[in-house]
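Visitor: Have a look at the structure that comes next, please.
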Amino acid sequence: GVVMEMDTDDQGEVSFQIDSRDFAEGGTYTLIAEVPADNAVARKALHFSTTALALKAQASRDVILAGEQLTVEVRASRPGGNPCAAEAELRIIRLEEEGGITAEREVNRIPVAVQEEDGMGAVTVTLDEGGRFRFRAAAKDRFGNLVTSTCEAFVSGESDKVKLRIFADRAEWDAGEAA
């Protein structure tokens, strides 16, 4: 790493600049300040990111029946991982295949208010038409950069070739729990 020896000003502070071009995007680096004469050490994690926001979209289930409700959660966090608020938009997109090519057809757009306290927002939708769906959450960070995250779900409808599907009320259980 880079080592610099510097003297503090009258307030006990020191200013410095570092060229961050060689740092990995999304990387975390540790800044260590030492005062050997006082046997003092301080450490601070520094996060390098091209955006001031990260989004994570997640559907409550991977497969549902047409007409059932599906919840899509949107989580927002700062580069260091702390939750934050965001005014996001969820786009519901139907994936259509023809001749081996997949095309996206937007079905709906829904605003999602992500709360500051826990960085969570959620939208519950009902999809009446079967097929593959993509859910794309999008928001702008404080610098105006567009940040997105996607997840997918399959809606089993009349045209579904699989005629028998077994559904559980939940997708995950704890160890030792009866399913």
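Sequential numbering of the sequence shown, starting at 5, is according to my numbering. Built from N, CA and C at the ideal position, the CB exists for glycine as well.
#1: Thinking C-beta only, is V78 closer than 8 Å to A92?
#2: Could you work out which residue in D42, R109, D66 and Y33 is closest to E176 when comparing CA atoms only?
#3: Alpha carbon to alpha carbon, how far is R25 from I97?
#4: How many whole angstroms separate the CB atoms of Y33 and F52, which I take to be in contact at a CB cut-off of 8 Å?
#5: For R146, which residues of its own chain have a beta-carbon under 8 Å away from its beta-carbon, when the five flanking residues on both sides are left out?
#6: From the DSSP secondary-structure annotation, give me the bridge partner or partners of I2.
#7: Please classify L94 as buried or exposed, where buried requires at least 16 other C-beta atoms within 10 Å of its C-beta.
#8: Please report the straight-line C-alpha distance between E162 and G134, rounded to a whole angstrom.
#9: Count the other CB atoms within 10 Å of the CB of A41; is the residue buried (16 or more) or exposed (fewer)?
#10: Do you know how far the Cα of A44 is from the Cα of N86?
Guide: According to the structure data:
#1: yes
#2: D66
#3: 37 Å
#4: 7 Å
#5: A56 and L57
#6: The requested residue 2 does not occur in the structure, where the chain is confined to residues 5 to 183.
#7: buried
#8: 7 Å
#9: exposed
#10: 28 Å
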